Amino acid sequence: MEAKKIGEILIEEGMISEDQLEKAVAEQLKTSEPFGNVLVKMGFITEDVLYHFLALQVGTKFIDVSILHIDEDVIKSVSGETARKYRVIPIEKKPGKIIMATSNPMDPALAGSLRFEVKGEQDAELVFVVTSESSLSAALEKYYPSSQGLDDTIDSIEGSDFEIQVLEEAKAKDEEGEEDIEGQSSPVVKYVNYLIEDAAQKRTSDIHINFYEKKIVLRYRIDGSLVEMPPPKIQFRKALTSRIKLMAGMNIIEKRLPQDGRIKFRMQNGGEIDLRVSVMPTIWGENIVMRILNQATQSFDLAELGMLPQQLDALQKGLAAPYGMVLITGPTGSGKTTTVYAAIAKINDPHDNIMTVEDPVEFRLPHIIQIQVNVAANLTFANVLRSFLRQDPDVMLVGEIRDNETASIAIKAALTGHLVLSTLHTNDAPATITRLIDMGIDPIYVGSSVLVAASQRLVRRICANCKEKVKEIDFVKAKKWGIPEKVIEGGTYYEGAGCPACHYTGYKGRMAVYEVLPVNNTIREAIFKKATLNELKRVAWKNGMITMRESAIELMKKGITTLDEVIRETLQDKPLDKY
Numbered sequence: 000m001e002a003k004k005i006g007e008i009l010i011e012e013g014m015i016s017e018d019q020l021e022k023a024v025a026e027q028l029k030t031s032e033p034f035g036n037v038l039v040k041m042g043f044i045t046e047d048v049l050y051h052f053l054a055l056q057v058g059t060k061f062i063d064v065s066i067l068h069i070d071e072d073v074i075k076s077v078s079g080e081t082a083r084k085y086r087v088i089p090i091e092k093k094p095g096k097i098i099m100a101t102s103n104p105m106d107p108a109l110a111g112s113l114r115f116e117v118k119g120e121q122d123a124e125l126v127f128v129v130t131s132e133s134s135l136s137a138a139l140e141k142y143y144p145s146s147q148g149l150d151d152t153i154d155s156i157e158g159s160d161f162e163i164q165v166l167e168e169a170k171a172k173d174e175e176g177e178e179d180i181e182g183q184s185s186p187v188v189k190y191v192n193y194l195i196e197d198a199a200q201k202r203t204s205d206i207h208i209n210f211y212e213k214k215i216v217l218r219y220r221i222d223g224s225l226v227e228m229p230p231p232k233i234q235f236r237k238a239l240t241s242r243i244k245l246m247a248g249m250n251i252i253e254k255r256l257p258q259d260g261r262i263k264f265r266m267q268n269g270g271e272i273d274l275r276v277s278v279m280p281t282i283w284g285e286n287i288v289m290r291i292l293n294q295a296t297q298s299f300d301l302a303e304l305g306m307l308p309q310q311l312d313a314l315q316k317g318l319a320a321p322y323g324m325v326l327i328t329g330p331t332g333s334g335k336t337t338t339v340y341a342a343i344a345k346i347n348d349p350h351d352n353i354m355t356v357e358d359p360v361e362f363r364l365p366h367i368i369q370i371q372v373n374v375a376a377n378l379t380f381a382n383v384l385r386s387f388l389r390q391d392p393d394v395m396l397v398g399e400i401r402d403n404e405t406a407s408i409a410i411k412a413a414l415t416g417h418l419v420l421s422t423l424h425t426n427d428a429p430a431t432i433t434r435l436i437d438m439g440i441d442p443i444y445v446g447s448s449v450l451v452a453a454s455q456r457l458v459r460r461i462c463a464n465c466k467e468k469v470k471e472i473d474f475v476k477a478k479k480w481g482i483p484e485k486v487i488e489g490g491t492y493y494e495g496a497g498c499p500a501c502h503y504t505g506y507k508g509r510m511a512v513y514e515v516l517p518v519n520n521t522i523r524e525a526i527f528k529k530a531t532l533n534e535l536k537r538v539a540w541k542n543g544m545i546t547m548r549e550s551a552i553e554l555m556k557k558g559i560t561t562l563d564e565v566i567r568e569t570l571q572d573k574p575l576d577k578y
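As structure tokens, this is what we get:
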């Protein structure tokens with residue numbers, strides 16, 4: 000591609016300026032590198048942008064192959080040697096046609112050279128799409144592992160099963176100077192390391208490894224949705240399970256009972272991440288879920304969590320109180336832990352004795368005494384709380400209130416001069432009050448101890464890379480789901496078109512929406528009178544409580560999320576009738 004042509008296209012699309020074009024042309028004259036590479040090296044465009052325009056130039060599509068799940072029979076169309084030699088990877092088979100991804104679509108001899116390399120498909124038409132060089136390299140390494148990859152060592156792994164006896168023998172051999180089966184050169188070790196690195200780079204919150212009769216299913220949870228990824232061979236079921244259990248400090252012989260563990264993993268860039276690992280026995284093997292706890296990317300600043308000013312002020316007033324109870328609620332995976340840790344970080348003071356009991360301890364915080372629940376040792380929430388009261392605490396965090404005993408001790412602590420923070424599983428803030436009463440706590444104690452109840456959900460953010468204005472909001476859909484037209488009319492709304500950066504979903508990242516209920520005298524009187532949930536909600540709305548749906552609509556008006564996310568993640572309550 001001539002420099003002038005790609006430069007003109009990039010200028011027309013507003014990707015570079017005239018001044019940048021001139022500098023890049025001058026640099027190319029010195030180095031004789033391809034003009035696109037010069038633009039990337041000088042930082043004027045990204046690699047993805049270059050290959051997007053390259054695809055546009057040759058009249059084909061751009062596809063990020065690093066995020067694709069390519070079927071095994073498609074991969075077998077060409078050998079690893081051929082794929083690496085010609086820098087291509089097959090991504091799809093259609094009748095009489097094979098679609099190949101390449102980072103060099105300008106090579107006129109590519110199709111002719113490959114025609115005789117495709118296994119059993121010499122008559123098939125080869126259709127090319129464009130991918131970036133880095134994505135292609137990642138996909139080639141994933142599907143055609145170099146050196147002694149997994150596929151090349153199936154025979155050596157079969158028969159060993161990586162059971163405890165073999166692992167002990169391996170360690171013994173290592174001490175004697177023989178081959179270390181669990182050493183860093185092991186293909187299984189390499190694969191697990193790659194898996195964790197890859198998941199962390201893709202902003203994954205959970206890695207799911209599911210075993211079935213004839214296959215392994217590997218999925219990443221990205222922004223709340225499970226995305227299927229290329230899995231390892233079924234032959235590696237036992238080796239993979241044993242390796243992960245070993246890393247997590249579990250009993251690798253025990254296959255009949257669920258187990259929990261933790262992995263501290265050092266990334267290639269020197270950073271560290273923690274993984275909380277859960278193993279559950281199923282009929283085809285042990286189901287594995289690894290939650291990634293990346294402290295380096297975790298913000299514990301209350302002001303950055305997305306609360307509206309009125310909500311943030313109410314929560315901060317509760318945290319500033321000398322005693323009482325602050326409760327954070329929501330369903331599993333709604334970000335409660337992040338909010339709780341942000342609240343603790345807000346009031347963290349070396350002059351106060353702050354103690355936590357958690358299951359598990361997900362993040363380590365300075366100046367705070369953190370205790371891990373251990374049911375086997377009878378170290379339960381309730382038992383630890385009783386001991387806390389003899390340790391002269393100022394602030395106590397209870398990871399979760401699950402039963403009457405824990406709730407009773409926590410509330411008594413809140414009534415006797417301690418600030419108590421905890422979480423509950425409820426759908427909204429007013430339901431927190433009725434949930435405690437359902438646990439058998441006297442409404443007088445509930446109304447006297449609870450300072451603030453904050454409920455939350457997570458909505459996906461619109462991808463900043465492909466964000467575009469919506470021509471017209473769908474008022475019919477909004478009305479169908481309980482959102483009056485007058486609430487959302489007059490705004491400027493956005494959506495994501497879909498791009499490689501967001502895996503073509505239109506969303507990248509998530510943000511919490513909140514419903515904060517400060518327990519003032521009016522709410523307290525309603526609790527004392529044993530008000531029903533609906534009555535509590537009406538009183539809260541009359542007192543100006545902003546609901547989760549209203550919070551989500553505010554984010555939509557700011558161009559952060561979409562109408563679909565507002566509808567999907569927030570409850571269809573009736574407070575919007577007040578508009």
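Mapping of the sequence shown onto numbering that gives the first Met the number 0: position 433 corresponds to residue 432, and the numbering continues sequentially without gaps. Backbone N, C-alpha and C fix where the C-beta goes; we use that ideal spot for every residue, glycine too. Predicted, not measured: the structure shown is a model, and the values here were computed from it.
Query, Result
"DSSP three-state assignment for A511, whether helix, strand or coil", "strand"
"The beta strand (DSSP E) enclosing N209, as first and last residue numbers", "203-210"
"Near the ligand ZN: I252 beta-carbon under 7 Å from a heavy atom", "Of ligands this structure carries none, so the ligand ZN is not represented either."
"Proximity winner among H502, E568, A430, relative to I522 (alpha-carbon distances)", "A430"
"Per DSSP, the bridge partner or partners of Y506", "I461"
"Assigned secondary structure, K468 (DSSP; H/G/I helix, E/B strand, else coil)", "strand"
"For T569, the three-state DSSP class (helix, strand or coil)", "coil"
"M105 burial status per 10 Å Cβ neighbour count (16 or more: buried)", "exposed"
"Among E484, I526, V383, E514, the one whose alpha carbon lies nearest that of I440", "I526"
"Three-state secondary structure (DSSP) of P89", "strand"
"Contact check, T336 vs E361, beta carbons under 8 Å", "yes"
"Simplified DSSP assignment, three categories, for Y219", "strand"
"Rounded Cβ spacing between L457 and R509 (contact assumed at less than 8 Å)", "4 Å"
"Three CB pairs or more closer than 8 Å across the stretch 421-435 and the stretch 524-544", "yes"
"Neighbour flag for I195 against chain C, beta carbons, 8 Å", "Of the protein chains in the structure, only one exists, and it is not chain C."
"Contacts around K468, its chain only, beta-carbon distance under 8 Å, and the 5 residues preceding and following it disregarded", "T491, Y492, Y493"
"Of the residues E564, Y444, K466, the one placed nearest E524, counting alpha carbons only", "Y444"
"Residue environment, P257, which counts as buried when at least 16 other CB atoms sit within 10 Å", "exposed"
"Alpha carbon of K232 to alpha carbon of E71, nearest angstrom", "10 Å"
"From Q371, V117, Y193, K214, residue whose alpha carbon lies closest to that of R261", "Q371"
"Rounded C-alpha distance that separates T425 from F235", "40 Å"
"E7 - DSSP class collapsed to helix/strand/coil", "helix"
"Rounded C-alpha distance that separates N377 from I343", "26 Å"
"Element boundaries [alpha helix (DSSP H), containing K476]", "474-479"
"Residues sharing a beta bridge with Q200, DSSP", "In DSSP, Q200 forms no bridge with anything."
"Range of the contiguous beta strand (DSSP E) that encloses G284", "284-292"
"CB of I5 within 8 Å of CB of Q56, strictly", "yes"
"Whole-angstrom C-beta distance between R460 and Y506, which should lie under 8 Å", "6 Å"
"Bounding residues of the alpha helix (DSSP H) (the contiguous stretch that carries P308)", "308-318"
"Assigned secondary structure, L304 (DSSP; H/G/I helix, E/B strand, else coil)", "coil"
"Reduced DSSP category for E494 - H, G, I as helix; E, B as strand; rest coil", "strand"
"Same chain, Cβ closer than 7 Å to G329, five either side skipped, listed in chain order", "K335, S454, Q455, R456"
"Per-residue DSSP class, three states only, for R275", "strand"
"Ordered list of alpha helix (DSSP H) runs contained in the stretch 328-356, each at least 4 residues", "335-346"
"Cα-Cα separation between G269 and V73, rounded to whole angstroms", "36 Å"
"Contacts around A413, its chain only, beta-carbon distance under 7 Å, and the 5 residues preceding and following it disregarded", "Y322, G323, M324, V419, S448"
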